[in-house]
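Residue numbers (our numbering): 1 to 242.
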């Protein structure tokens with residue numbers, strides 16, 4: 001997950017080592033759909049899932065949310081549900097400020113996933129190979145950690161650098177798979193499937209419909225974080241899914 005242009009596609013390119021095919025595929029879907037890419041990592045079948053960003057100009061956030069929710073429901077309810085082995089949230093280290101699109105995408109990430117998957121979350125900074133000043137990039141990384149991602153890190157998420165190489169991508173994936181294959185249920189899956197809520201009644205749906213989320217134990221950390229714009233964002237099968 002992450003804003004448009006943050007490097008989600010390129011991460012998968014490097015991990016699959018099939019850049020041209022991945023580029024052609026991404027042009028077809030234009031990040032409009034949830035697109036799974038099965039790979040084998042150390043004899044384990046893994047499915048990388050590329051999701052559309054919540055900063056598209058061609059579709060409202062409510063439709064993007066529906067696309068993601070429908071895919072999560074389908075894979076959770078198909079008899080052999082995919083387990084969410086981990087979530088990779090991507091952010092460009094070359095940005096000299098945190099754009100509004102990044103705030104929006106991180107907020108939606110929190111409302112979609114809840115608190116439970118945070119230990120299986122990797123906050124990945126990209127485009128280190130394009131940074132002209134390493135010292136500046138490190139300062140930006142520190143600011144992200146201290147001011148933008150602190151709540152996630154306190155919940156168990158960890159920060160990683162992607163150096164635009166297959167090796168660095170594999171290390172990030174490996175850090176998730178080493179946690180085991182129990183996986184996690186996302187908050188929106190619990191809301192839609194177990195609690196039988198309508199999509200506009202979910203915490204993610206309340207944001208897209210401009211409603212104020214109601215605190216619960218599973219996501220109260222995110223609600224508290226919304227009160228401080230300066231520090232936090234507002235605006236059993238055999239396959240594992242990342």
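Cβ atoms here follow ideal geometry from the backbone N, Cα and C, with glycine treated the same way.
- Here the segment 108-123 makes contact with the segment 146-159; the two share three or more CB pairs at distances below 8 Å.
- In the DSSP assignment, residue 88 is bridged to 122.
- Rounded to the nearest angstrom, the gap between the Cα atoms of residue 137 and residue 148 is 15 Å.
- Separation of the CB atoms of residue 76 and residue 1 is rounded to 17 Å, and the pair is thereby denied contact status at 8 Å.
- Here DSSP, grouped into helix, strand and coil, assigns residue 209 to coil.
- In the three-state reduction of the DSSP assignment, residue 37 falls in the strand class, which pools E and B.
- When DSSP states are grouped into helix, strand and coil, residue 45 belongs to the strand group.
- Following the DSSP letters along the chain, one finds residue 158 inside the beta strand (DSSP E) bounded by residues 158-161.
- Around the Cβ of residue 102, a 10 Å sphere holds 16 or more other Cβ atoms; the residue is buried.
- The DSSP assignment places 158-161 as complete runs of the beta strand (DSSP E) inside the segment 130-182, in order along the chain (cut-off: 3 residues).
- The C-beta separation of residue 128 from residue 153 comes to about 19 Å, leaving the pair out of contact by the 8 Å criterion.
- Residue 166 sits close to residue 17, with the two beta carbons spaced by under 8 Å.
- In this model, residue 198 and residue 192 are separated by some 7 Å (Cα to Cα).
- If you compare the alpha carbons of 59, 64, 15, 56 with that of residue 47, the shortest gap goes to 15.
- Note that the C-beta distance between residue 55 and residue 3 is below 8 Å.
- In this structure, the beta-carbon distance from residue 203 to residue 111 falls below 8 Å.
- Closest option to residue 52, judged by alpha-carbon separation, among 13, 38, 5: 5.
- For residue 71, the enclosing alpha helix (DSSP H) begins and ends at 61-76.
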